[in-house]
Amino acid sequence: MNPSEYVPGTAQRYTNMGYIVAGILIERLTGMSYAEQMRQRIFRPLGMHDTYAPGVATGIRGPHVRGYQSVSRDGRPELVDATRWSQTFTPAAGDLISTLADLDRFTAALFGGRLLAPAQQRELFTHPWQGAELSNGGLSSVRLPDGRSFWGKSGARYGYQALIGGTEDSAVRVTFAATPTDAKADGQSALAQRLLGAILALA
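Numbered per our numbering, the sequence shown spans residues 1143 to 1345.
(1) Roughly how many angstroms lie between the CA atoms of Ala1261 and Phe1185, to the nearest whole one?
(2) Taking the alpha helix (DSSP H) that Tyr1176 belongs to, which residues open and close that run?
(3) Would you mind giving the Cβ-Cβ distance between Gly1189 and Arg1247, rounded to the nearest angstrom? I have them listed as a contact below 8 Å.
(4) Whose CA, out of Ala1327, Thr1321 and Arg1256, lies closest to the CA of Asp1311?
(5) Whole angstroms is fine: what's the gap from Pro1196's alpha carbon to Asp1237's?
(6) Out of Val1314, Arg1226 and Ala1251, which has the shortest C-alpha to C-alpha gap to Arg1203?
(7) Any idea if Ala1313 is buried or exposed, counting beta-carbon neighbours within 10 angstroms, 16 or more meaning buried?
(8) Whole angstroms is fine: what's the gap from Ser1214's alpha carbon to Thr1241's?
(9) Can you give me the start and stop residues for the beta strand (DSSP E) that Ala1319 sits inside?
(10) Which term fits Phe1267, buried or exposed, when burial requires 16 or more other beta carbons within 10 angstroms of its beta carbon?
(11) To the nearest angstrom, how far is it from the Cα of Ala1153 to the Cα of Pro1145?
(12) At which residues does the alpha helix (DSSP H) containing Gly1165 begin and terminate?
(13) Going by the DSSP bridge assignment, what does Ile1305 pair with across the sheet?
(14) Ends of the alpha helix (DSSP H) at Arg1247?
(15) Would you report the Cα separation of Asp1192 and His1206, rounded to the nearest angstrom?
(16) Can you check which of these residues, Thr1230, Thr1200 and Leu1286, is closest to Asn1363 by C-alpha distance?
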């Protein structure tokens, strides 16, 4: 067994594997697919009609933006359409298709206390540190000029990038999406951070 990376409560480390394991546990404990549990427990009650787990499907329902990934072929950069790429390599870890409107509905419900019991809601906003910017890891926070905390989470798939965030009462919320050509590169969060900084300056 590998040793612990840090003392519990002193740090956090986001990994896709944690969510993959959570998806497996959901299916084994409920006897239903992760996708169906998400639909019944979250998407349908919140009216998130355009959000779903695609599973093995490679198409996107309804009107959508195409995403492209920059790849190197024979030493030259080339854009490849990533819109129909399978997301099955990380099930339950970012393999959802959604819209900005649905992401805002989810953020309002989650931060507004409509999805979790009070004790779990307090745990949601329990964090070992508060940084100057939102990380690309787990839920993290920044301090607004008026003293409130703004919480958020960003993520990316090839061809696509998204971020959700808000204050603990969900009075101030942000949803953001873009189609960078190298969404998984380390520097791609810079665009989201600059946009978020401009928005928070107005909050």
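Glycine included, every Cβ here is placed at the ideal spot set by N, Cα and C.
The answer reads as follows:
(1) Their Cα atoms are separated by approximately 22 Å.
(2) Residues Tyr1176 to Met1180.
(3) Contact between Gly1189 and Arg1247 holds, since their C-beta atoms are separated by about 6 Å, short of 8 Å.
(4) For the residues Ala1327, Thr1321 and Arg1256, the minimum Cα distance to Asp1311 belongs to Arg1256.
(5) Distance between the alpha carbons of Pro1196 and Asp1237 is about 7 Å.
(6) Comparing Cα positions, the closest option is Arg1226.
(7) The residue is exposed, with fewer than 16 neighbouring Cβ atoms inside 10 Å.
(8) Cα to Cα, the separation comes out at about 30 Å.
(9) Note, Ala1319: beta strand (DSSP E), Arg1315 to Ala1320.
(10) So Phe1267 counts as exposed.
(11) Computed Cα separation, rounded: 15 Å.
(12) Run containing Gly1165: Asn1158 to Thr1172, per the alpha helix (DSSP H) assignment.
(13) Note that residue 1305 corresponds to Leu in the displayed sequence, not to Ile. Ser1296 and Phe1318, per the DSSP bridge assignment.
(14) Counting along the chain, the alpha helix (DSSP H) containing Arg1247 begins and ends at Leu1242 to Phe1253.
(15) One Cα belongs to Asp1192, the other to His1206, and the distance between them is close to 11 Å.
(16) With the chain running from 1143 to 1345 in the structure shown, residue 1363 is simply not present.
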